[in-house]
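Have a look at the structure below before the remarks.
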Amino acid sequence: MKVEARIFEFITAFCFVAAIVYGFWAREPVGTVGLVLSGGLTLLCGTYFRFIARRIDPRPEDEDDAEIADGAGELGFFSPGSYWPVGMAAAAAFTGVALAFFHIWLIALGLLAVLIMVGGLLFEYHTAAPSHD
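Residue numbers (full-length UniProt numbering): 1 to 133.
Put into structure tokens, the structure is as follows:
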């Protein structure tokens, strides 16, 4: 995770420096605000990756003398065929259309559907242990 943290920290520094230069040169507030907000978002990501890198063991990518074969093997569990992301995308698209037309009741319905889909995606593999009565 250290590699990812460095990348995001570099992008953060670039966005803030670009915002300062752009702010003085163009004197246009919208671009400056966009660059500052982009720098803030990349700062959040870089800080998150830096904290995660402290908690987990170093990965092969974090070592300077790592070989490609060091990263071989199982990477983790990936859902082979889940339909929850399709439902989440449909619910998010529905909510986006509701926001475009600003129908409050459709926005609320869409957000509820998004929450249900996110919950389904999160708890898809969290099942109760079978009871042996």
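Just so it is clear, CB atoms sit at the ideal spot from N, CA and C, and this is done for glycine as well.
Please read all numbers here as calculations on a predicted model, not as lab measurements.
Check whether residue 151 and Tyr22 have beta carbons under 7 Å apart: Only positions 1 to 133 of the chain appear in this structure, which leaves residue 151 out of reach.
Rounded C-alpha distance that separates Phe78 from Leu44: Approximately 26 Å between the Cα atoms of the pair.
contact_flag[the region 108-116, the region 82-100] where n(CB pairs < 8 Å) is 3 or more: With the cut-off at 8 Å, the region 108-116 and the region 82-100 touch.
Length of the line joining the Cα atoms of Pro60 and Ala66: 6 Å
Cβ separation of Ala91 and Val114, assumed to be a contact under 8 Å, to the nearest whole Å: 5 Å
Span separating the alpha-carbon of Leu87 from that of Trp105: The displayed chain sequence assigns Gly, not Leu, to residue 87. The straight-line gap from Cα to Cα measures roughly 19 Å.
Per-residue burial, Ala5 [other beta carbons within 10 Å of its own, 16 or more giving buried]: buried
Pairwise C-alpha distance: Leu122 and Pro58: 27 Å
For Glu124 and Val17, the rounded distance between their alpha carbons: 43 Å
Which of helix, strand or coil DSSP assigns to Gly31: In the structure shown, Gly31 falls within a helical segment according to DSSP collapsed to helix, strand and coil.
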